[in-house]
Structure formats: C-alpha cells, structure tokens
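Q: Chains as they are written, first to last, in the numbering used here: chain A, 1 to 120; chain B, 1001 to 1120; chain C, 2001 to 2120; chain D, 3001 to 3120. Below is a structure I'd like to ask you about.
4 protein chains.
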Amino acid sequence: MAAFGARIDSLARGRAVLSMPITAAVGQQHGFAHAGASFALGDSAAGYAALGLMEDGAEVLTVEMKINLVAPAAGMRLVAEGEVVRAGRRLTVVRATVLAVDAEGRRRDVALLQGTMIPA
Amino acid sequence: MAAFGARIDSLARGRAVLSMPITAAVGQQHGFAHAGASFALGDSAAGYAALGLMEDGAEVLTVEMKINLVAPAAGMRLVAEGEVVRAGRRLTVVRATVLAVDAEGRRRDVALLQGTMIPA
Amino acid sequence: MAAFGARIDSLARGRAVLSMPITAAVGQQHGFAHAGASFALGDSAAGYAALGLMEDGAEVLTVEMKINLVAPAAGMRLVAEGEVVRAGRRLTVVRATVLAVDAEGRRRDVALLQGTMIPA
Amino acid sequence: MAAFGARIDSLARGRAVLSMPITAAVGQQHGFAHAGASFALGDSAAGYAALGLMEDGAEVLTVEMKINLVAPAAGMRLVAEGEVVRAGRRLTVVRATVLAVDAEGRRRDVALLQGTMIPA
Chain A
1 MAAFGARIDS LARGRAVLSM PITAAVGQQH GFAHAGASFA LGDSAAGYAA LGLMEDGAEV
61 LTVEMKINLV APAAGMRLVA EGEVVRAGRR LTVVRATVLA VDAEGRRRDV ALLQGTMIPA
Chain B
1001 MAAFGARIDS LARGRAVLSM PITAAVGQQH GFAHAGASFA LGDSAAGYAA LGLMEDGAEV
1061 LTVEMKINLV APAAGMRLVA EGEVVRAGRR LTVVRATVLA VDAEGRRRDV ALLQGTMIPA
Chain C
2001 MAAFGARIDS LARGRAVLSM PITAAVGQQH GFAHAGASFA LGDSAAGYAA LGLMEDGAEV
2061 LTVEMKINLV APAAGMRLVA EGEVVRAGRR LTVVRATVLA VDAEGRRRDV ALLQGTMIPA
Chain D
3001 MAAFGARIDS LARGRAVLSM PITAAVGQQH GFAHAGASFA LGDSAAGYAA LGLMEDGAEV
3061 LTVEMKINLV APAAGMRLVA EGEVVRAGRR LTVVRATVLA VDAEGRRRDV ALLQGTMIPA
C-alpha cells in the first residue's frame, strides 16, 4: 500500500486505522474502480488489526472478504478502521469501515467490510 | 487500473478478461496485501462484463463484492475472467475468477469473486 | 419463521430483535446445518430492521447476505439483532448479530451477517 | 433439513445435489423469508460436496457463506447443486446454485452461494 501513500495512523490490540490520499491513482474509471482502493485499504486495516492480536513475527492472510460500497470515495483522504470481532484458535473474523474525509474534515462512510484472516 | 499496467484482453457480451503483470507494486506485505490486487482486477473484469450488457455510454458501480482467496498470487501475470451470471432489471449479479500465470504459462486459480453491479 | 417458534422481541426505526428456541428442528446434522437457522433468524432481523425505515405496507427482499459463523449455536435460545447501517434511495445495507443464550442467561456471539435489502 | 422434506438426490466426489418441496413451511413472509430456505438448502449441498472429499466419519462446518438471491423461489421444488471449487489443506472453498423447478419441469436459478467449509 506504500505506493499509494498509505500510512498507519494507529495500532492497538485488535484495532488498526490506516489512511491514504484520494488521488488519480486510486480514482475511478467507468464508476467501479474505486471499489479496489476502498477494498485494499479496508482489508489492510483489518489485517493489521488481526496481526495486533498475534505473536511478534506472525503474518496473516485474508481467507475471504466481503465489501459493501455505500457511497462514492470522494474527498481528500480515505480512512479505514479495522477491528477484530472474533479471534478464534484457527480463524479470526474481522470488520472494517472505510470513510472519506473532505477538505473540511467531514467524514462519510464509504464502505463496510467483513471477512476472515488466518495466520500465514 | 492503468497505473498497474492492467489491460483488457477480451470483451464480449457478458464476459471480460483483464490482465496485469505481478510486480512489486501489487506485491504483498505481511501476507495480506495481495488480496487488494486480486480484488481490483477481478472486480474490474466483472464490471466490464456487466458493462458489455448495457447501453453505450452506461457506467456501472459495484454494490458489493465477496472474494475468496485460494492460493498466493505468485507468477508473472494475473488474469481475471469476469462474467455476468444474472442480468436483472435493477441489479446484475457477476462472478470472476482470478488466475496467476507463471513463466511457463501454467495457470492456477488465485481468487473467486461473486457480487452485484448496478447502473451508475 | 413462525414454524420454528420465532418471535419479534423488539422493533424500532432501523433496528429489530428476533428470537427463537434452539430445538432439534433447527439443530445440526453433520455439523453444518445450524448455519441455516442462524442465517434465517439473522436475515429476518435485518429485514425487519430495514422494513422499519420504509413506508407502511412496504416489503423488502434480500438481495445478498454474507454470514460468518463464529461459534456453535448451543444453548436455549437464538437471538438476532438486526440494524440498518446505510439506508440508500435504492438499496439498504444491513448488519445482524446472532447470539446464543444459555439456561443461565449467558450470551455468546454465534454469527455475524452483512448484506443488502431492496424494496419489494 | 429432514423436517422440510429435504433429500439427497446425488452425491459424488466434490459434488452433491439436494432438493426439497417448496411449501408453506419454507414460504416467505414480508418478502424476505425465502432467503433462509434457499440458504439452508444451498449451504447443505455445499457441505455434502465438501464432505465427499474428506475421510469417512469426517464432519464439516460452514466458516462463512455468501448468498446472492436472483429470482423468487416459486414453483414445486427447490434443487441445490453444491460443488467444491478448491479443496485446501485447512479450508475448502465451495459454491452452490439453487434452482426452482415448476410443475412442467422448467428450472430457474434462484440463488448463488460461495463460501468456506472447515473440517469439524
């Protein structure tokens, strides 16, 4: 995600916040491309949230992820808040909310994700 | 997707094939980033497949999309085959398969997507 | 759902709680049948939550629904809490949590749902 | 599922077909209840398909399942065709198609499922 200027804003046990600028690089073409940017940021936030509950040096893989897109990703920055909703022995269930923040700091939900992570 | 070297390999009524090189830009970090690349290519292939059944000048939006990741995106190119499985009056249901192709041309399923598109 | 003894425990704008007894009728066989009961109750709670934001006499249909099963549905009653997370002009995005309640009143998350409803 | 008159029509390695009558017991109320019947039959077909690739005596659990509902479940019988699309060491990815069959034997797709099974 570094190529898109994504950064980690906060990390805690079972929670992570990532953000990146909304630029042409993640812009949309024919209306559907933005799904990819929202997915990537939300999935990464969910992955970091899951990592935060594992041992040092662990890695996680996305098993599956569902995204519902609820508004256009318009504004200055995309912010993704990931959280672990169920840390199991084998599988970890995660959710993430992706928000767009405009120049005045107003936040609007853009996408909701729900999926499963597994230790790599 | 152009920034990643993605291209349209074929377009037909209700079907589309897209591909892009597997490079560091879409590579993975901590194991989960590749989900974003597979999602973006698969979602785009599904979107073009849906577009192919609409009037000229139409655009589509992803309402929701689910991805199951079944193998690492390792190899030279990612290929996504999108298809419309149900074109409804209001909503279009799509599926896509993402494959990784290695230097010898061997293909391996990487991800399976199922979701909903809507006219923009 | 009436055949399973399901009842509406509460209805509010954009929220609904349903419950039903856990009995042999919704029990599991080969381990996977309980998914159906949790899905049906969660989907119904989400549907009633969506209905609560529509005009009198409206009906809703499930467009798509994703369920993550996080624990066995063991106990006395299944309770599903549905909520609208985004009421759009054409589509409504919903979530539901299904919990199992044991004889001592302890509650445990069983399943998480996220999906889309549309006016019928 | 036996309580609904569900039966196994065929079982093979990685494939299973189940069916049940469409009756008041699985009928819909407020438009959304049929999702539960289609889900339960499709999920069961997918589960039996996964079981068919496992050792005798194994059981499977649904980790997560996504359903897209594409037409009303109207007719005489519901038929669900489940298949394994990827049998992994830890996780098995499955798909199912649910069809409604009318009195003249005409078949119509009702729902498409995609999800993950795990050995119990």
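Cβ atoms here follow ideal geometry from the backbone N, Cα and C, with glycine treated the same way.
What span of residues does the alpha helix (DSSP H) with C/L2051 cover, start to end?
A: 2034-2051
Q: Could you tell me which chain A residues have their CB closer than 9 Å to the CB of B/L1069, listed as they occur along the chain?
A: Those are L61, T62, V63, E64, M65, listed as they occur along chain A.
Q: Under the DSSP definition of a beta bridge, which residues are partnered with D/I3008?
A: D/L3018
Q: Who are the neighbours of D/V3093 on chain B, taking C-beta pairs under 7 Å?
A: N1068, V1070, L1112
Q: Using a Cβ-Cβ cut-off of 7 Å, state whether A/R86 counts as contacting chain C.
A: Yes, A/R86 lies at the interface with chain C (some Cβ there is under 7 Å from its Cβ).
Q: Less than 7 Å separating the beta-carbons of A/G75 and A/D102?
A: yes
Q: At the level of alpha carbons, what is the spacing between C/L2078 and C/G2005?
A: 11 Å
Q: If the cut is a Cβ gap below 8 Å, which residues of chain B does A/A80 touch?
A: Neighbours of A/A80 on chain B: none; closest Cβ ~11 Å, over 8 Å.
Q: List the DSSP bridge partners of C/D2109.
A: C/L2099
Q: May I have the straight-line CA-CA distance separating B/L1053 from A/L53, to the nearest angstrom?
A: 45 Å
Q: For B/L1112 versus B/A1080, is the C-beta distance shorter than 7 Å?
A: Against a cut-off of 7 Å, the Cβ pair of B/A1080 and B/L1112 comes out as no contact.
Q: Evaluate C/S2010 with the Cβ neighbour count: other Cβ atoms within 10 Å of its Cβ, from every protein chain shown; 16 or more gives buried, anything less gives exposed.
A: exposed
Q: Chain C beta carbons: is any one of them nearer than 7 Å to that of A/Q28?
A: Caution is warranted here: a pLDDT of 49 is assigned to A/Q28, below 50, making its placement in the model unreliable, and the coordinate value is therefore given only provisionally. Cβ-Cβ to chain C under 7 Å: no for A/Q28.
Q: Run the CB neighbour count on B/R1095, radius 10 Å, all protein chains shown included, and call it buried at 16 or more, exposed below.
A: That one is buried.
Q: Below 8 Å on the Cβ atoms is my guess for B/L1018 versus B/S1044; work out the distance and round it to an integer in Å.
A: 6 Å
Q: Shortest alpha-carbon distance to D/P3021 belongs to which of D/A3120, D/V3098, D/I3118?
A: D/V3098
Q: Rounded to a whole number of angstroms, what is the C-alpha to C-alpha distance between B/V1060 and B/L1091?
A: Their backbone Cα atoms lie some 10 Å apart in a straight line.
Q: Quick one: is C/T2097 near chain B, going by C-beta distance under 7 Å?
A: no
Q: For A/D109, I'd like the list of residues in its chain whose CB is within less than 8 Å of its CB, leaving aside the five on either flank, ordered along the chain.
A: Answer for A/D109: V70, A71, T97, V98, L99, listed in chain order.
Q: Going along chain A, which residues have a C-beta under 9 Å from B/A1040?
A: A33, A35, G36, A37, F39, A40
Q: What is the DSSP secondary structure of B/M1122, counted as helix, strand or coil?
A: Because chain B in this structure spans residues 1001 to 1120, residue 1122 of chain B falls outside the shown range and cannot be described.
Q: Evaluate C/A2012 with the Cβ neighbour count: other Cβ atoms within 10 Å of its Cβ, from every protein chain shown; 16 or more gives buried, anything less gives exposed.
A: exposed
Q: Starting from D/E3081, follow the beta strand (DSSP E) in both directions and report where the run begins and ends.
A: 3077-3087
Q: So what's A/T23 in DSSP terms, helix, strand or just coil?
A: coil
Q: On the criterion of 16 or more Cβ atoms from any shown chain inside 10 Å, does A/G88 qualify as buried, or is it exposed?
A: exposed
Q: Taking only beta-carbon atoms, is D/T3116 less than 7 Å away from chain A?
A: yes
Q: With C/M2065 as the anchor, note down where its beta strand (DSSP E) starts and where it stops.
A: 2060-2069
Q: If you count every other CB in all the chains shown that lies within 10 Å of the CB of D/I3067, and 16 or more means buried, which is it?
A: buried
Q: Around the Cβ of D/I3118, are there at least 16 other Cβ atoms within 10 angstroms (buried) or fewer (exposed)?
A: buried
Q: Which whole-angstrom value describes the C-beta separation of A/M65 and A/G115, a residue pair presumed to lie in contact below a C-beta threshold of 8 Å?
A: With 8 Å as the limit, A/M65 and A/G115 qualify as a contact, their Cβ atoms being about 3 Å apart.
Q: For B/D1109, which residues in chain D fall below 7 Å Cβ to Cβ?
A: R3086
Q: Select from C/A2073, C/A2120, C/A2046, C/T2023 the residue whose C-alpha is nearest the C-alpha of C/R2086.
A: C/A2046
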